[in-house]
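Protein chains: 2
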Amino acid sequence: MILKGTFLHTPALGKMEVYERAWLVTEGETIVGLYRTLPPRYQGMEVTDWGDCLIIPAFCDLHIHAPQIVNRGIGYDEQLLPWLERYTFPTEARFSQQDFARRVWKAFLNRLWERGTMRFAAFATVHKQAVWQLMELSEASGLRGLVGKVNMDRNAPDSLREDTDASLADTEELICRSRAELKKTGFILTPRFVPSTTSRLMDGLGQLAERYQLPVQSHLSENRSEVKWVAGLHPDIPTYTQVYDTFGLLSKGRTIMAHAIHLTQEETDLLEEKEVTLAHCALSNMNLSSGVMPLRRYLKQGLRCCVASDAAGGNTADMAKTITASVQLSKLNWLSHPEQTPLSLGEAFYLATRGGSAFFGDVGAFLPGFQFDALVLRPSELDALVERTPFERLEQFLYDGDDRDIAARYCAGTLLSRPFGEEER
Amino acid sequence: MILKGTFLHTPALGKMEVYERAWLVTEGETIVGLYRTLPPRYQGMEVTDWGDCLIIPAFCDLHIHAPQIVNRGIGYDEQLLPWLERYTFPTEARFSQQDFARRVWKAFLNRLWERGTMRFAAFATVHKQAVWQLMELSEASGLRGLVGKVNMDRNAPDSLREDTDASLADTEELICRSRAELKKTGFILTPRFVPSTTSRLMDGLGQLAERYQLPVQSHLSENRSEVKWVAGLHPDIPTYTQVYDTFGLLSKGRTIMAHAIHLTQEETDLLEEKEVTLAHCALSNMNLSSGVMPLRRYLKQGLRCCVASDAAGGNTADMAKTITASVQLSKLNWLSHPEQTPLSLGEAFYLATRGGSAFFGDVGAFLPGFQFDALVLRPSELDALVERTPFERLEQFLYDGDDRDIAARYCAGTLLSRPFGEEER
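Protein chains in written order, with my numbering: chain A, 17 to 441; chain B, 17 to 441.
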């Protein structure tokens with residue numbers, strides 16, 4: 017496949033490249049090259065010409081709660097723990113009903129597609145059937161997703177609290193079934209967070225992580241009350257991060273921890289050693305007054321970081337708005353912490369594309385050998401009036417655009433259409 | 017006119033009222049009453065039934081730069097003063113071209129309509145012709161606007177710097193012409209900010225304010241460098257606020273000052289005495305790292321406040337996103353200033369409806385005798401799955417909705433259609 021258009025990407029943090037009116041060649045899922053002049057060997061071949069469109073890497077969202085897509089924007093006059101009780105848990109309890117689950121999962125996958133998120137790692141719910149439904153629907157959608165069955169066997173409402181052995185058995189069944197039947201959708205171990213999972217459950221999940229060489233996702237140090245709670249639950253383990261490590265849940269190079277706000281230097285050193293990816297969730301952290309992740313410090317230390325929506329702690333699944341909120345939060349934080357220089361827009365864009373996508377391997381930038389995930393942005397109505405550089409067009413799309421600006425979406429080399437029809441909602 | 021639907025409004029700060037499946041009766045521009053049961057005298061009359069829609073007061077935006085609508089999202093890696101030089105001023109210089117101006121003004125008015133802003137106070141540019149064009153187009157749009165010709169005769173690029181006498185003469189001509197010819201669109205005196213206006217110009221504008229009993233809008237204490245600059249320009253006047261007052265530009269009860277971040281108690285006392293409306297521009301203040309207005313303190317003091325988009329310092333003209341950003345900023349600020357309790361969503365909604373609309377008189381809430389400005393919101397696609405209270409529907413619209421959720425817009429009792437056709441753009 018040969019595409020023509022103007023390409024913009026961020027192959028490394030702090031590096032942005034623009035190829036105006038250039039050609040990108042793919043073979044199957046993979047990029048062969050991006051060329052300012054089309055090499056002679058491709059001359060005369062069919063070209064998809066996107067004209068004046070701007071082509072950028074598609075978004076990757078490494079922290080999102082699929083069932084909470086219905087709760088976007090709801091209940092932020094509360095903070096984390098009461099908000100979970102009042103909004104999050106009652107919604108998740110409804111996923112024992114398969115018809116309800118199927119309709120929400122379709123809305124969730126449609127929404128990701130619509131907003132340009134082609135890869136994701138999602139928390140589903142505790143329900144084995146519902147998780148399997150989401151995995152099958154995700155496979156059908158063409159998106160590339162990691163889906164986790166939530167594990168929780170303590171400090172949860174009766175409707176969601178699991179028997180420890182059943183939780184482990186259901187998890188293992190989903191691991192095996194998804195490995196046997198699915199190609200584009202992976203399973204990710206998903207203890208909700210320390211307060212929801214007993215030591216025995218965490219230990220069992222750690223053994224599954226090792227046995228099946230699985231990725232892991234969870235929450236870490238989101239809120240000060242939560243940190244104190246964890247310290248009280250595990251008085252024998254010095255820090256929150258070490259609780260996960262103790263139970264084998266910092267699977268090296270394969271772990272995502274969301275929030276990671278209130279950490280000691282010892283903890284960040286451990287996260288660095290374990291090559292954990294930290295998902296910074298700016299919108300959620302603002303909505304729930306959780307605190308501000310010292311992202312600049314983590315980036316300087318060389319930790320793996322990305323930005324993520326955390327819908328519905330974040331009020332939208334839209335990664336463009338997640339990017340701009342990350343920049344805005346970093347600027348506000350800079351006013352009171354002058355040593356934490358703010359994110360540039362290019363840096364935040366990197367963290368939402370290559371930064372997160374690295375969890376899936378070689379994807380998230382237009383480099384040879386990388387999988388081709390992209391969004392094609394049409395020129396805005398006002399571009400005819402004021403000439404814009406490709407970067408300014410990116411700025412305008414991220415800060416005040418929406419899905420109506422996206423003309424096409426590619427995931428792993430394939431043009432994707434809307435996964436599910438309107439009548440399916 | 018009789019409307020049926022579910023109504024939600026905030027008649028006072030901290031007060032929210034919901035009328036489910038109720039009736040609102042208007043006569044001309046004005047609300048007669050909002051009734052849980054339709055009074056017998058209206059029985060049998062024609063009713064516009066909005067079914068399951070939620071009807072809320074329309075937005076009012078008291079600080080927006082009309083020419084900058086083309087610059088939404090652009091250039092925020094800069095701070096205020098270099099950003100003005102690089103993006104704002106070059107764009108405004110183009111408004112000497114009437115064809116360009118006409119197209120941008122139409123896009124501006126269309127955008128306000130689209131996003132549900134029915135009343136506004138806008139900075140135009142220095143150009144007499146272009147300002148008059150905007151006033152005429154605004155009149156045709158059906159929106160209710162105050163439009164200001166920008167005055168600037170110092171510290172401006174050659175292309176925008178005015179001769180002092182010409183600036184005053186052009187201003188007076190626009191005042192008289194708009195009073196003679198327009199009904200829905202008013203003129204508002206608009207010295208850009210102290211650094212752009214000589215003492216002689218400010219003095220002349222102060223005289224016009226007095227002679228014609230005119231409203232005034234400007235910028236105040238947005239950024240620390242600017243505050244220092246003003247102190248250097250007027251070493252004989254103790255504070256920035258007093259500079260405006262010295263020249264008669266704090267027209268009592270008729271003045272809007274945007275930003276108002278870095279103020280002394282003396283200044284806020286003066287602003288209170290002069291009944292100045294302070295426009296809090298959260299998105300802009302984050303984008304340009306300007307600082308955080310101590311809004312809670314001002315509200316406690318009883319100052320008149322509203323939230324405003326400040327596009328294109330703000331990255332969108334969308335007041336829904338301005339509201340949610342104001343809440344998010346207040347929560348972040350609360351983390352480092354625990355005495356400044358955060359805004360609730362209802363408070364921020366009040367500040368974008370009744371709070372700002374008060375500048376136009378009795379409008380912005382569904383009270384008898386008030387002008388009827390409203391947005392009709394359709395149920396979202398997911399409402400069929402999860403039952404929502406009217407307040408939760410408002411939350412979801414503000415936090416993750418867009419213009420596609422707005423089924424109809426009323427301004428001063430009239431259903432408004434899109435002001436200008438697509439072909440006009």
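We put the beta carbon where it would ideally sit given N, CA and C, even for glycine.
Nearest chain A C-beta to residue i closer than 8 Å, yes or no?
i	result
B:S157	no
B:M302	yes
B:L367	no
B:R441	Model confidence at B:R441 stands at a pLDDT of 39, short of 50, so the residue's coordinates are unreliable and nothing is read from them.
B:G318	no
B:E411	yes
B:V147	no
B:T332	yes
B:A123	yes
B:Q84	no
Taking all protein chains shown into account, decide if residue i is buried (16 or more other Cβ within 10 angstroms of its Cβ) or exposed.
i	result
B:P55	exposed
A:C192	exposed
A:R102	exposed
B:K337	buried
B:T53	exposed
B:K268	exposed
A:K244	exposed
B:P251	exposed
A:E363	buried
B:R227	exposed
A:D334	buried
B:S175	exposed
Is the Cβ of residue i closer than 8 Å to any Cβ of chain B?
i	result
A:P358	yes
A:D93	yes
A:I339	no
A:Y415	yes
A:E408	yes
A:K244	no
A:H25	no
A:V166	no
A:F116	yes
A:K347	yes
A:L351	yes
A:I272	no
Please name the residue, chosen from the options, that lies closest to residue i on a Cα-to-Cα basis.
i	options	result
A:A109	A:R131, A:A225 and A:V166	A:V166
B:L294	B:A333, B:S234, B:S300 and B:L351	B:S234
A:W121	A:V163, A:D181 and A:G318	A:V163
A:M302	A:V63, A:L96 and A:E355	A:L96
A:E411	A:G21, A:M32 and A:E94	A:M32
B:K347	A:S433, A:S305 and A:R37	A:S305
A:L150	A:A185, A:E226, A:T104 and A:A82	A:A82
B:A390	B:Y51, B:M17, B:F75 and B:T187	B:F75
A:A146	A:D326, A:A247, A:G158 and A:S112	A:S112
B:D419	B:A182, B:G307 and B:T133	B:T133
Starting from the C-beta of residue i, find all residues in its chain whose C-beta is less than 8 Å away, skip the five residues before and the five after it, and write them out in chain order.
i	result
B:Q387	E45, T46, I47, F376, G377, D378, V379, A428 and G429
A:R434	N126, W129 and E130
B:A423	W66, C69, V392, L393 and R394
Can residue i be considered in contact with the ligand SAH, in the sense that its beta carbon sits closer than 7 Å to one or more heavy atoms?
i	result
B:T340	This structure simply doesn't include the ligand SAH, nor any ligand for that matter.
In terms of DSSP beta bridges, what is residue i paired with?
i	result
A:N167	A:P207
B:I272	B:Q233 and B:T293
B:E33	B:H25
A:R160	A:R135
B:L81	Just to set this straight, residue 81 of chain B is His in the shown sequence, not Leu. B:H81 pairs with B:F139.
Just to confirm my understanding: we take residue i, look at its own chain, exclude 5 residues before and 5 after, and list those with CB closer than 7 Å. What are they?
i	result
A:A6	This structure leaves residue 6 of chain A out entirely; chain A is present only between 17 and 441.
A:P27	E33, R370, A381 and L383
B:T201	M151, S154, E155, G161, V163 and S194
A:A225	L205, V232, G264, L265 and S267
A:D285	none
Going along the chain, which residues of its own chain have a beta-carbon closer than 6 Å to the beta-carbon of residue i, five neighbours each way excluded?
i	result
B:K20	W39, V63 and D65
B:L414	A336, I339 and T340
A:E36	T22
B:L184	G220
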